[in-house]
Every structure is written in structure tokens, then in C-alpha cells.
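A short worksheet on the structure shown next.
Chains as they are written, first to last, in the working numbering: chain Y, 203 to 485; chain P, 50 to 307.
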């Protein structure tokens with residue numbers, strides 16, 4: 203049986219306090235953005251974008267360039283490549299995402315092995331690591347969260363309209379392409395900011411699971427937004443504590459706590475919850 | 050009559066060539082127009098052209114005096130599982146003017162007024178799936194009405210609904226038209242909807258005929274529009290269109306049933 207002293211001991215370490223703040227805020231951020239990802243059936247884009255960014259992480263880490271900058275530019279280039287391939291050739295966006303983003307991910311792995319990146323902690327980028335979280339990450343994730351909240355509050359109505367009914371939104375004067383681009387920018391920034399704590403392989407789950415659980419519980423969009431952010435934050439907080447005590451990477455523990463929330467919601471809401479999920483597609 | 054929209058020799062499509070071509074049409078204030086034609090004839094494209102979401106590739110399209118448009122999409126296009134209540138859905142059309150997410154007191158009053166006018170004032174807090182077909186159509190009418198349009202555009206408003214709901218929707222549109230609202234709708238239902246409207250446009254890539262039902266619901270125009278012969282009967286002062294199957298089709302069906 204674990205004692206209270208043992209539970210509180212990690213709080214003595216600065217790296218853990220930083221990690222806990224980042225995991226909790228990052229969980230809330232992913233939960234918030236995840237609502238739009240889930241309702242717009244963009245789960246696969248989130249999954250692909252996070253994998254694509256790993257290629258940029260590897261190249262910029264080896265080249266000694268700022269990882270956020272390098273991975274961000276790489277992620278943007280991957281998104282543009284997906285868009286270009288889909289537009290010019292008879293290839294569905296899911297297939298284009300599958301090819302381009304996994305190729306970018308594989309490229310990152312190969313570059314790290316060939317480039318002698320032994321001192322680069324690839325596991326931390328892949329699966330998240332509490333030890334890899336710095337005070338700088340706290341500032342980055344807090345800044346991106348403030349940016350995301352500002353975008354969602356100031357563009358709440360147009361984001362909702364475009365998510366629900368893009369054609370009528372366009373006809374009503376909403377610049378749908380601009381709103382879509384803004385959402386992609388927030389999504390990419392969120393993935394970059396949470397990469398260290400969630401790991402690129404598990405960010406997609408952190409985006410999707412809280413929103414899916416919230417959708418099972420409520421039929422109101424505004425309630426779904428704050429509930430999903432709250433679930434994400436709680437998953438981050440509990441997951442990070444578990445990560446320390448179980449000595450497991452933080453990404454898996456955070457996602458597994460989310461999975462537990464999903465099972466509880468499934469059992470508690472029964473058929474009603476599953477019916478609400480009928481309109482939520484995998485991608 | 051005051052023109053709201055005019056099209057002169059307009060062609061439009063989606064990039065792979067024009068879907069509709071050389072369209073001449075004028076919509077006046079207070080008009081009630083039905084656009085009829087077979088599947089793929091360009092009815093929805095024409096409606097989207099009027100709405101401004103599909104650009105004209107050639108010809109001249111004018112929207113006069115800041116004409117405000119309201120659009121009601123096909124119910125099949127709606128994601129009924131989306132987490133919005135009736136009031137949240139209606140409020141979407143107030144996308145401009147207020148940057149904070151929550152509705153102002155006057156916006157709430159406007160939503161309540163338009164829902165009451167359409168007879169669904171008691172359903173504001175319900176999820177959109179928890180409504181009957183007629184109520185669902187009224188929600189999207191309410192969303193379009195909230196922007197106080199001069200002209201309402203409806204894409205197949207009776208598609209996939211039962212006879213009772215169809216009557217309900219037609220009656221409601223009649224009331225709105227009597228209140229001065231201009232209406233343009235597309236429909237494939239010649240007898241249930243089109244025959245009841247004051248003005249029809251028969252479309253098959255281009256305008257085949259336009260006018261009152263007694264002028265365009267005639268065998269020559271219908272055959273040119275639908276590509277197969279049709280008969281027109283009179284019943285209780287209304288035009289009733291019936292298919293005239295070819296002899297070969299009848300023989301084939303007889304053989305199958307035998």
C-alpha cells in the first residue's frame with residue numbers, strides 16, 4: 203500500500219512539478235482542440251500530423267536547430283504535401299495522409315539511426331517522458347493553450363458553424379478556408395507543444411479520447427468543450443503521477459487513464475452514450 | 050415587381066465543366082418559385098449559384114440592393130448526431146456582430162420569437178435529433194429566418210419526409226410567402242409540391258420552360274425536361290402528372306411477373 207508521503211514525494215522535484223503542470227495543461231489543451239477534431243472527423247489528420255512531425259524533430263535535433271521550429275515547419279510542409287496530393291490526383295485524403303505522414307515518421311527513425319543520434323532521446327519524443335520536460339515547456343504549453351482558448355472564444359460562432367455546416371456557413375459570410383486554416387494552425391501548435399509529454403505516437407489518442415468521452419455524456423456543444431478539456435486535464439494529472447510511480451513513459455499512462463474514463467462512460471451511459479457516438483467517425 | 054436576383058445567360062459548375070448553362074431567370078420580391086427537373090439536371094447547382102456558393106463561369110448574375118438570402122439545406126446533409134440543441138442551431142446564423150460565445154438577451158429573444166412563429170417555441174432546449182421530420186425542417190427554416198432574409202432558398206425541403214410532413218411544410222411555406230417572404234425551392238415532387246406553386250422553372254442543364262403550372266406542366270415541356278413521355282391529367286382543378294411507360298417496358302414487366 204502506497205503511503206501519503208510516497209504519493210507526495212515526487213512533488214519535491216522540480217522536473218516532476220514541471221511535468222505535472224505541462225501534462226495537466228496539455229491534457230486540457232488536447233481535450234479542447236479534440237472536440238473539433240472529433241466532430242469534424244479529423245482524427246486521422248491529428249494522428250498523421252503528429253507522426254509527420256517526428257521527421258522534423260529528428261532532422262532539427264541532429265542539425266542542432268530549435269526542435270519546435272524545425273518540427274513545426276516540417277509539419278506544415280507535410281500538411282501542404284497531403285493537401286497538394288489530394289487535390290491534384292484521384293487519391294483520398296486518408297490514403298495521402300497514410301503515405302506521406304508515415305513516410306515522414308519512418309524518415310525520422312532512419313535519420314536518427316544513420317545520423318548517429320545516440321545522444322538524442324527518441325523514446326521521449328515517441329512516447330513522452332517526464333524527465334524531458336523543462337521549465338521552457340511549461341511556458342510553451344501555457345502560451346499555446348492561451349492562444350487556443352483565445353481562438354476558440356473569439357471565433358466560437360464561426361468555428362461552430364463551420365464544424366456543423368460548412369456550406370451554409372460559407373453562404374452566410376464565414377470565410378471557411380480561413381477558419382479551417384486557423385484550426386489547423388492551432389492543432390499543429392498543440393501537437394508541437396505537447397510532444398515532449400505525450401509522445402508523437404500517442405498525441406492522437408490524447409486529442410480524441412476526452413472528446414469522445416464528453417460526447418457520450420452530453421448533447422450540448424458548449425458543455426462538450428469544457429467537459430472534454432476537464433477530462434483531458436484530469437487524465438494528464440493522474441497519468442503523470444502514475445508515470446512516476448509505475449516508472450512507465452508518461453504518454454501511455456495518460457492515454458490509459460483516458461481509456462479508463464471511456465470504459466466508465468460506456469458503462470454509465472449505456473445505449474444512450476453509444477447512440478451519441480453514432481455520428482463520431484474514426485477519420 | 051422589384052427584382053432581387055437576375056441571371057442572363059449564366060453557366061456554372063464545379064470545375065469539371067458546366068453543370069448548368071445559358072440560364073436566364075429573374076426572381077422578384079415576394080416570388081414563390083419551384084425548380085423542377087430530373088436527378089443531375091442541375092437543380093441544386095442553380096440554387097447554390099443563387100446562394101453565391103457556386104460561381105458563374107460565364108454570363109451575368111446580379112443580386113440587387115443587398116438582397117439577404119436564407120438557405121435551408123437538404124435534411125439528408127445534416128449531421129443529426131452533432132451535439133447542438135434547437136436554440137444553438139438557430140443561433141448559428143448570427144455569426145457576425147458579437148465576438149463572445151454566449152447569446153445576448155436580444156439574441157435569445159429573437160431566437161424565441163422565430164421559434165414561436167414556426168410553432169416550435171417549446172423545443173428550444175431539445176437536441177436536434179429528438180424531433181420529428183417536420184420539426185427538424187422547421188429548425189433549419191428558423192435558422193434561415195433569424196437573419197430576416199428577403200429570399201429563402203430551400204434544397205428539396207420535402208425529400209425523404211412522409212405525406213403528412215410534406216403537407217405541413219408546404220402549408221408553412223405558404224404562410225411565410227403570404228407574409229411577404231420570397232421563396233425558391235427545388236423539388237422532384239411534381240404532384241405533391243410543384244403543382245401547388247404559383248411559378249415553376251423546368252430545368253435540365255438549361256431552362257426548358259418557365260411559368261405557371263398550367264403553362265409548364267404540359268406533356269411537351271415535361272418530356273423535354275425528363276426525357277421520357279408523361280401525361281397530364283386534371284383532378285379537382287389541379288394538374289396531375291403521370292408516367293407513360295413505353296410499350297417495351299410494359300411487356301418486360303409483364304414477362305417478369307409471369
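For every residue, glycine included, the Cβ atom is placed at its ideal position computed from N, Cα and C.
Residue i in three-state terms, based on DSSP
i	result
residue 238/Y	helix
residue 208/P	coil
residue 255/Y	helix
residue 198/P	coil
residue 261/P	coil
residue 181/P	coil
residue 279/P	strand
residue 287/P	strand
residue 339/Y	helix
residue 120/P	strand
residue 368/Y	helix
residue 167/P	coil
residue 351/Y	helix
residue 331/Y	coil
residue 451/Y	coil
residue 268/Y	coil
residue 242/P	coil
Closer than 8 Å to chain Y by CB, residue i
i	result
residue 139/P	no
residue 59/P	no
residue 53/P	no
residue 94/P	no
residue 134/P	yes
residue 110/P	no
residue 160/P	no
Rounded straight-line distance, which links the Cα of residue j to that of residue i
i	j	result
residue 265/Y	residue 276/Y	14 Å
residue 262/P	residue 151/P	46 Å
residue 195/P	residue 439/Y	44 Å
residue 429/Y	residue 144/P	24 Å
residue 241/Y	residue 287/P	46 Å
residue 91/P	residue 437/Y	51 Å
residue 441/Y	residue 452/Y	7 Å
residue 86/P	residue 182/P	24 Å
residue 95/P	residue 61/P	8 Å
residue 484/Y	residue 267/P	For residue 484/Y, the predicted model reports a pLDDT of 45, less than 50, meaning its position is unreliable and no value from the coordinates is stated.
residue 222/P	residue 244/P	14 Å
residue 66/P	residue 444/Y	59 Å
residue 186/P	residue 230/P	17 Å
residue 283/Y	residue 261/Y	18 Å
Which listed residue (the options) has its alpha carbon closest to that of residue i
i	options	result
residue 420/Y	370/Y, 471/Y and 231/Y	471/Y
residue 114/P	77/P, 88/P and 107/P	77/P
residue 391/Y	376/Y, 363/Y, 411/Y and 351/Y	351/Y
residue 459/Y	422/Y, 295/Y, 337/Y and 404/Y	404/Y
residue 308/P	216/P, 180/P and 172/P	The requested residue 308/P is not part of the displayed model; chain P covers only 50 to 307.
residue 400/Y	327/Y, 235/Y, 215/Y and 258/Y	327/Y
residue 126/P	312/Y, 238/Y and 366/Y	366/Y
residue 281/P	240/P, 223/P, 61/P and 128/P	240/P
residue 189/P	238/P, 138/P, 81/P and 235/P	138/P
residue 300/Y	310/Y, 316/Y, 315/Y and 280/Y	280/Y
residue 256/P	214/P, 271/P and 72/P	72/P
residue 462/Y	433/Y, 448/Y, 269/Y and 384/Y	433/Y
residue 201/P	211/P, 216/P, 226/P and 158/P	226/P
Buried versus exposed call for residue i [16 or more other C-beta atoms within 10 Å across all chains shown]
i	result
residue 416/Y	buried
residue 360/Y	buried
residue 209/P	exposed
residue 271/Y	exposed
residue 69/P	buried
residue 343/Y	buried
residue 258/Y	buried
residue 214/Y	exposed
residue 291/P	exposed
residue 51/P	exposed
residue 249/Y	buried
residue 534/Y	Limits of chain Y in this structure are 203 at one end and 485 at the other, which puts residue 534/Y out of reach.
residue 269/P	exposed
residue 63/P	exposed
residue 193/P	buried
Within-8 Å CB hit, residue i to chain B
i	result
residue 446/Y	Protein chains Y and P are contained in the structure displayed, whereas chain B is not.
Cutoff 8 Å: residue i Cβ touching any chain P Cβ
i	result
residue 484/Y	Low confidence applies to residue 484/Y: its pLDDT is 45, below 50, so where it sits in the model is not reliable, and the reading given next is rough at best. Output row for residue 484/Y: interface = no.
residue 374/Y	yes
residue 420/Y	yes
residue 463/Y	no
residue 426/Y	yes
residue 238/Y	no
beta-carbon residue i near the ligand SAH non-hydrogen atom, thresh 7 Å
i	result
residue 116/P	Looking for the ligand SAH in the displayed structure turns up nothing, as the structure carries no ligands at all.
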